[in-house]
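Novice: For reference, the structure I am asking about is given below.
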Amino acid sequence: MGTDMTHLQNAGLPVTDLGPVVTGERYPLLFATVSGAHLYGFPSQDSDVDLRGVHLLPAEDLVGLREPQETRSRMWDRDGVEMDLVTHDLRKFVRLMLKPNGYVLEQLLSPLVVHTTELHAELVALAPTVLTRNHAHHYRGFANTQWRLFERTGELKPLLYTFRALLTGIHLMRSGEVLAQLPALLARVRAPACLPGLIAAKAEAEHGSAEGVDRTEMARHIESLHRVLDEAQAESGLPDGPGGFDALHALVVRARLARPSA
């Protein structure tokens with residue numbers, strides 16, 4: 000399957016550097032997408048490129064005595080830009096999908112696609128079946144972690160991550176759509192008027208300081224969004240538990256058995 004480079008170019012990514020990510024991978028990739036600040040819509044000039052995806056282990060790696068490499072990671076530098084590729088085996092990734100884990104769904108549904116296959120498209124099609132109102136817990140917890148990091152470091156990055164997580168969670172509860180890009184969320188969820196300015200400031204440096212930002216005001220905004228998320232979760236039409244187990248199980252079995260042995 001082909002990859003639409005328009006989204007990658009619009010995100011300011013070094014497209015020519017991203018194409019060969021499958022080179023050197025021991026196991027075939029089902030997909031690789033861009034996550035992190037580029038996906039969230041507030042990369043800096045010095046941001047690294049976070050690539051996430053799924054690989055497919057041969058059946059013998061799972062039934063033998065050796066511990067399977069269910070998670071693989073690789074980092075390299077390309078013209079001064081740090082590249083970071085982390086992939087999970089298909090079975091592990093699907094198990095994460097069946098938990099209220101918004102992070103893996105953001106990776107799966109990222110519009111910044113570097114490598115794709117038909118199985119990737121099948122996973123995307125099944126993603127709506129695993130969405131639940133309990134995904135609000137994921138975004139609430141992630142926002143709390145990032146807010147504590149902001150309080151400790153005073154950097155813009157964790158502050159924007161806090162806002163992004165809460166807005167993604169609110170939008171998901173209301174619409175059933177996983178949307179991770181902060182600028183797009185601002186058009187769909189009522190948010191503090193200061194955010195476009197913070198995004199612009201973050202573009203200057205990956206670890207830029209939030210000096211001059213009124214922390215008391217930010218705390219009020221965050222507390223308010225937590226209340227909105229609580230209300231959105233209570234009123235959400237999403238189910239309490241995931242569906243799609245049988246279809247996802249069948250996909251994993253079919254993909255594993257169709258993979259040629261090493």
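Sequential numbering from 0 applies to the sequence shown in numbering that gives the first Met the number 0. The beta carbon of each residue, even a glycine, is placed where N, CA and C say it ideally should be.
#1: Using a Cβ-Cβ cutoff of less than 8 Å, which residues in the same chain neighbour Leu50 once the five nearest sequence positions on both sides are dropped?
#2: Taking all protein chains shown into account, do 16 or more other C-beta atoms lie within 10 angstroms of the C-beta of Gly1, making it buried, or fewer, making it exposed?
#3: Rounding to the nearest angstrom, what Cα-Cα distance links Asp88 and Glu216 in this structure?
#4: For the stretch 143-213, which segments carrying the alpha helix (DSSP H) assignment without a break, of at least 4 residues, lie completely within its bounds, in sequence order?
#5: Per DSSP, what kind of secondary structure is Ser72 in: helix, strand or coil?
#6: Where does Ser223 fall in DSSP's three states?
#7: Hey, out of Leu155, Asp76, Gly101, Leu237, whose CA is closest to Val48's CA?
#8: From Leu61 to Pro241, what distance separates their C-alpha atoms?
#9: Closest Cβ-Cβ distance between Ser43 and chain B: below 7 Å?
#10: Just list the residues that DSSP pairs His114 with in beta bridges.
#11: From this set, Glu203, His248, Pro110, Phe141, which residue's C-alpha is nearest Leu155's C-alpha?
#12: Helix or strand or just coil, what does DSSP make of Thr128?
#13: Three or more C-beta pairs closer than 8 Å, one from the stretch 182-194 and one from the stretch 241-257: is that the case here?
Specialist: The structure says:
#1: Your numbering for residue 50 matches position 51 in the sequence shown. The residues are Leu17, Val20, Ala31, Thr32, Val33, Ser34, Met82, Asp83, Leu84, Val85, Val113.
#2: The residue given as residue 1 occupies position 2 in the sequence shown. Residue confidence is low: Gly1 scores 48 on pLDDT, short of 50, so the model does not pin down where it sits. Its coordinate-derived value is still stated next. Exposed is the label assigned to Gly1, since fewer than 16 other Cβ atoms lie within 10 Å of its Cβ.
#3: Locating residue 88 in the sequence shown gives position 89, where the first residue counts as 1. Locating residue 216 in the sequence shown gives position 217, where the first residue counts as 1. Cα to Cα, Asp88 sits roughly 43 Å from Glu216.
#4: Entirely contained in the stretch 143-213, the alpha helix (DSSP H) runs reaching 4 residues are, in chain order, 155-174, 181-185, 194-201.
#5: Position 73 of the sequence shown, counting from 1, holds the residue named residue 72. Three-state DSSP puts Ser72 in a strand.
#6: As a working note, residue 223 is residue 224 in the sequence shown. Taken through DSSP and simplified to helix, strand or coil, Ser223 comes out as helix.
#7: The residue given as residue 48 occupies position 49 in the sequence shown. Here the closest residue by C-alpha is Asp76.
#8: Here residue 61 corresponds to residue number 62 of the sequence shown, with the count starting at 1. Here residue 241 corresponds to residue number 242 of the sequence shown, with the count starting at 1. Distance between Leu61 and Pro241, taken at the CA atoms: about 26 Å.
#9: The structure shown contains no chain B; it holds only a single protein chain.
#10: Here residue 114 corresponds to residue number 115 of the sequence shown, with the count starting at 1. Ala31.
#11: As a first step, residue 155 must be located in the sequence shown, where it is residue number 156. That would be Glu203, whose Cα lies nearest to the Cα of Leu155.
#12: For the purposes of this step, residue 128 is taken as the residue at position 129 of the sequence shown. Helix, per DSSP.
#13: Verdict: no, contact absent.
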